[in-house]
Structures are given as C-alpha cells and as structure tokens.
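Visitor: Take a look at the following structure, please.
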Amino acid sequence: MWSREDKLSPRDRSFLTVTALISQGAFEQLKYHMTKAKENGITKEEISEMITQLAFYVGWPKAWSAFGIAKEIWK
Numbered sequence: 001m002w003s004r005e006d007k008l009s010p011r012d013r014s015f016l017t018v019t020a021l022i023s024q025g026a027f028e029q030l031k032y033h034m035t036k037a038k039e040n041g042i043t044k045e046e047i048s049e050m051i052t053q054l055a056f057y058v059g060w061p062k063a064w065s066a067f068g069i070a071k072e073i074w075k
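In UniProt numbering, the protein residues as written are 1 to 75.
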C-alpha cells in the first residue's frame with residue numbers, strides 16, 4: 001500500500017494510519033507510525049490538532065494516550 005504514491009502520498013497515508021490506530025486504541029503500533037508520520041512531514045501542530053479533533057469522536061481517554069505518545073516523538 002505504501003508504494004502507491006500516485007494514489008496517496010506517504011504523508012497522507014501516515015495521517016490516515018495514525019488516525020485509524022488512535023480510533024482503535026492500538027497504542028503499541030502507534031509509536032512506530034507516529035514516528036513515520038513525523039518523517040513523512042506531519043508537524044507537531046498538525047498531530048496535536050488531529051488528536052484534538054479525534055477526541056470528540058473516539059473519546060478523550062484514547063486521545064490522551066495518543067497525546068502522551070506524540071509528546072515523546074515531537075519533543
């Protein structure tokens with residue numbers, strides 16, 4: 001999937017993957033994919049806004065856990 005850059009950029013795929021993992025509460029996988037998202041150009045401000053937006057749809061406990069992981073990666 002990741003090699004299909006003519007369909008979605010790696011940055012967009014990272015954005016979607018991180019969103020899906022947070023929604024599922026898949027925090028073990030989230031650290032790797034957040035690191036990849038940062039490498040693919042997702043900024044600290046964007047990840048923060050993404051998690052805040054998700055909090056209202058997937059719940060604050062999942063969002064709070066995701067914020068903790070993001071804080072480690074976007075130091």
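We treat Cβ as the ideally placed atom computed from N, Cα and C, and that holds for glycine. Note that the coordinates shown come from a computational prediction; the quantities given were computed from them, not determined experimentally.
1. Within a Cβ cutoff of 7 Å, which residues of the same chain sit near Ile42, ignoring the five residues on either side of it in sequence?
2. Can you tell me whether Thr19 is buried or exposed? The criterion is at least 16 other CB atoms within 10 Å of its CB, across all chains shown.
3. Could you compute how far the alpha carbon of Phe34 sits from the alpha carbon of Trp60?
4. Using only the alpha-carbon positions, how far apart do Leu54 and Arg4 sit?
5. Under a Cβ-count criterion, where at least 16 other Cβ atoms within 10 Å of its own Cβ denotes burial, should Ala70 be classed as buried or exposed?
6. What residue does the alpha helix (DSSP H) around Leu8 start on, and which one ends it?
Guide: Quick look at the numbers:
1. As a working note, residue 42 is residue 42 in the sequence shown. Arg11, Ser14 and Phe15, listed in sequence order.
2. Counted from its first residue, the sequence shown places residue 19 at position 19. Thr19 should be labelled buried.
3. Working through the sequence shown from its first residue, we reach residue 34 at position 34. Working through the sequence shown from its first residue, we reach residue 60 at position 60. Before going further, note that residue 34 is Met rather than Phe in the sequence given. Approximately 18 Å between the Cα atoms of the pair.
4. Counting from one through the sequence shown, the residue named residue 54 turns up at place 54. Counting from one through the sequence shown, the residue named residue 4 turns up at place 4. Their backbone Cα atoms lie some 26 Å apart in a straight line.
5. Within the sequence shown, the letter at position 70 stands for residue 70. By the neighbour-count rule (16 or more Cβ atoms within 10 Å), Ala70 is buried.
6. As a first step, residue 8 is located in the sequence shown; it is residue number 8 there, counting from the start. Premise fails: Leu8 is in no alpha helix (DSSP H) and is neither H nor E.
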